[in-house]
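**Q** This is the structure, below, for whatever I ask next.
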Amino acid sequence: MSLQRLLKAFFPLFILIVSIGCTKVKNTDIGVDLLPDIDNVNTFDTTLSVSVQGDFTPDSLLPKVTRDIYGDVGDFVLGQLSNDPVFGSTTASIFCEMKPSEYPFQFQNVPDSLYLDSVILTLKYRSTYGDTNGVQGVDVYRATDFIRPDSAYPLSSSVAYGELLGSTKFAPSVLNDSLYLGTFNTKDQLRISLKAVFGRSLISFDTGFAKGPLKSDSLFRNFLKGFAIIPQKLNTANALMTFDMDDTTTHLRFYYRYTKNGDLDTAYKTFSFKNLKPGGAINQIKRSYDNSEVRNIISKKQSDSLVYIQSTPGTFAKISMKAVDAFKQRKGNVIVHLAEMSMEEVITSGKRGDIFSAPAFLYLEGIDSAANRFVPFTADGFPGGTYDPTFFGGMKKTTLDPKSRTVAKYAMNITRYIQGILTRNNPNYPLKLHSPYVVSYSTQVTSFYLNPLCRGAVVLGGGSHPSQRMKLRLVYSKL
């Protein structure tokens with residue numbers, strides 16, 4: 008398992024453990040144990056209003072899926088989420104290659120004595136977001152365009168496909184069941200049986216053809232450009248499943264018999280996604296917001312009392328802090344002990360909290376429109392040069408709303424950023440609030456993963472919400 012995968016798998020758990028261990032937290036989530044006494048003579052505690060406007064993430068800002076330094080592409084999403092009244096629907100498809108481990112490749116070097124039993128496409132299952140009992144359908148097609156292993160594809164990408172090779176229907180809840188196959192058990196797999204005629208078309212070549220597809224990688228890729236794994240549009244399907252593309256059990260396997268010493272013997276051979284000649288891969292994720300709550304709110308293009316944040320690829324919010332400039336005019340230069348941006352989930356009529364959860368992390372960064380770039384809170388969130396959410400915040404926690412219902416809450420520490428505005432006349436950038444899959448900056452050598460793809464969405468109170476408004480808390484002292 009690569010370092011990247013370990014970090015992505017255990018990062019949220021590590022943060023949770025650290026958060027639980029912080030026992031000095033009282034009336035705020037960040038830095039309260041360092042605050043001086045608030046006497047309203049020298050040290051004050053106030054809140055400033057913010058203005059928030061939501062928007063849909065354009066394709067130009069979608070992350071690109073590519074291999075890391077270990078050759079891994081990570082987890083991909085597949086499925087049909089057909090009915091989320093708040094955030095609409097989502098369709099996630101996988102395009103990938105499965106190739107032999109070496110060339111020339113042979114099954115048994117007896118092409119005239121091979122008898123195919125079955126050919127199975129298998130994906131290693133990780134988890135499900137949504138309804139695990141709703142039936143999903145998946146079709147596998149033959150790709151007709153190349154999927155380049157050396158290319159980084161945006162989440163909006165796809166390739167053309169043609170012949171239907173196989174289909175299956177299942178409830179996600181069964182994917183982690185054990186399945187007995189001959190002499191061994193399998194678990195956590197999606198298995199799709201492909202047409203026998205497709206399997207026979209490959210094993211018939213074996214090593215008996217001088218220019219057959221099993222002779223070289225280029226010949227093989229010309230013969231089989233890959234697979235398009237496409238979810239069926241079923242009303243029962245209401246979930247997105249995550250699969251580990253780099254696992255050894257993500258593969259195409261041929262089960263067959265052959266003649267050995269006059270008798271039939273059984274065997275299998277495997278084409279893998281990850282091997283010495285790795286396959287190309289695309290994870291296409293399409294959101295549709297028709298007839299959803301978020302479409303009605305964001306389309307108004309005005310300051311929102313409700314803010315809709317959906318994980319990548321999804322929605323984001325732009326936060327304006329004009330009240331900070333007004334505060335500076337009134338108070339002048341002050342010492343800022345704490346500047347905390349806080350927000351709380353608002354339960355709307357369409358919420359399905361039983362199957363759709365809030366993101367594990369939200370992230371905040373500045374928007375420098377003049378330079379066409381995003382600006383990290385380096386002093387607040389990157390102590391020692393690496394991102395630290397235990398210092399910056401953004402982890403999901405819980406609280407009770409005015410009706411005593413458990414909701415998510417988030418808070419971010421931007422103390423040094425606000426101090427720079429007040430003391431050094433630094434720009435008061437508008438802020439981008441989102442739930443990213445990966446964060447990277449061209450101005451500094453840093454990149455890190457924060458949330459799984461398509462995992463989580465939340466409705467927050469905006470700056471004008473009557474009871475659960477987003478706000479900036481300031482604890483400061485006069486000079």
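Residue numbers (our numbering): 8 to 486. Glycine is no exception: its CB is placed at the ideal position from the N, C-alpha and C atoms. None of these values were measured; they are calculated from a predicted model.
Identify the residues that DSSP records as bridge partners of A99: which are they?
**A** G86, I292
**Q** Taking the alpha carbon of Q87 as the reference point, which residue from Y136, F51, M105 has its own alpha carbon closest?
**A** Y136
**Q** Under 7 angstroms, do M348 and I421 count as touching if we go by C-beta distance?
**A** With a cutoff of 7 angstroms on beta-carbon distance, M348 and I421 are scored as near each other.
**Q** What first and last residue would you give for the beta strand (DSSP E) that runs through D332?
**A** It is not in any beta strand (DSSP E) - D332 instead sits in the alpha helix (DSSP H) that spans 329-338.
**Q** Using the DSSP secondary-structure output, state which residues sit across from F323 in a beta bridge.
**A** D62
**Q** If contacts are defined as beta-carbon pairs under 8 angstroms, then F399 and L55 qualify, I think. What distance do you get, rounded to the angstrom?
**A** About 19 angstroms separates the two Cβ atoms, so there is no contact after all.
**Q** So the beta strand (DSSP E) D272 belongs to, where does it begin and stop?
**A** Element bounds for D272: 270-279.
**Q** Nearest to P443 by CA position, among L69, D52, D46, is which residue?
**A** L69
**Q** State the DSSP-derived secondary structure class of Q143, mapped to helix, strand or coil.
**A** strand
**Q** If the criterion is Cβ atoms closer than 7 angstroms, does the pair L371 and M402 meet it?
**A** no
**Q** Under 7 angstroms between the Cβ atoms of L481 and T53?
**A** For L481 and T53, yes; Cβs fall inside 7 angstroms.
**Q** Assign Q451 to one of two classes, buried (16 or more other C-beta atoms within 10 Å of its C-beta) or exposed (fewer than that).
**A** exposed
**Q** Assuming contact is defined by CB atoms lying nearer than 7 angstroms, are V59 and G469 in contact in what I supplied?
**A** yes
**Q** Answer yes or no: do V343 and I425 have a C-beta to C-beta separation smaller than 7 angstroms?
**A** yes
**Q** For L440, which residues of its own chain have a beta-carbon under 7 angstroms away from its beta-carbon, when the five flanking residues on both sides are left out?
**A** I316, F323, A324, I326, L369, L371
**Q** Mapping DSSP to helix, strand and coil, what is G38?
**A** Below a pLDDT of 50, predicted positions are generally treated as unreliable, and G38, at 46, falls in that range; the measurement from the model is reported next regardless. Of the three classes helix, strand and coil, the one that applies to G38 here is coil, per DSSP.
**Q** Residues in the same chain with beta-carbon distance under 7 angstroms from V164, minus the five sequence neighbours each way, listed in chain order, please.
**A** Reading off the sequence, residue 164 comes out as Ser, not Val. Counting only Cβ-Cβ distances below 7 angstroms, and skipping sequence neighbours, we find I289, Q291.
**Q** Can you tell me whether N420 is helix, strand or coil according to DSSP?
**A** strand
**Q** Give the single residue among G360, R423, G463 whose Cα lies nearest to the Cα of R412.
**A** G360
**Q** Do the segment 254-270 and the segment 139-154 meet, that is, are 3 or more Cβ pairs less than 8 angstroms apart?
**A** no
**Q** Can you tell me which of the three DSSP states L68 falls into?
**A** Of the three classes helix, strand and coil, the one that applies to L68 here is helix, per DSSP.
**Q** Between T385 and the rest of its own chain, which residues show a CB-CB distance below 6 angstroms, the 5 nearest in sequence each way excluded?
**A** Non-local beta-carbon contacts of T385 in its own chain, meaning distances under 6 angstroms to residues more than five positions away in sequence, are absent.
**Q** Can you tell me where the alpha helix (DSSP H) holding F227 begins and where it ends?
**A** First-last of the alpha helix (DSSP H) with F227: 224-230.
**Q** According to DSSP, is F177 part of a helix, a strand, or is it coil?
**A** strand
**Q** So what's G373 in DSSP terms, helix, strand or just coil?
**A** strand
**Q** Where does V466 land, buried or exposed, given buried means 16+ other C-beta within 10 angstroms?
**A** Buried, because 16 or more other Cβ atoms sit within 10 Å of the Cβ of V466.
**Q** Taking the Cβ atom as the reference point for each residue, do F524 and L130 lie within a distance shorter than 7 angstroms?
**A** The shown model of the chain, from 8 to 486, leaves out residue 524, and the question about it has no answer.
**Q** In whole angstroms, what is the alpha-carbon distance linking G144 and S100?
**A** 12 angstroms
**Q** On the CB-based measure, 16 or more other CB atoms within 10 Å of its CB, does F102 come out buried or exposed?
**A** buried
**Q** Going by beta carbon distance, what residues of the same chain come within less than 7 angstroms of N183, once the five residues before and after it are set aside?
**A** Y132, K194, D195
**Q** Determine which residues share a DSSP beta bridge with H472 and list them.
**A** H472 is not bridged to any residue.
**Q** Could you give the residue range of the beta strand (DSSP E) that holds L126?
**A** The displayed chain sequence assigns Val, not Leu, to residue 126. For V126, the enclosing beta strand (DSSP E) has its first and last residue at 121-137.
**Q** Output the distance between the C-alpha atoms of P220 and F212, rounded to the nearest integer angstrom.
**A** 7 angstroms
**Q** Which term fits Q475, buried or exposed, when burial requires 16 or more other beta carbons within 10 angstroms of its beta carbon?
**A** buried
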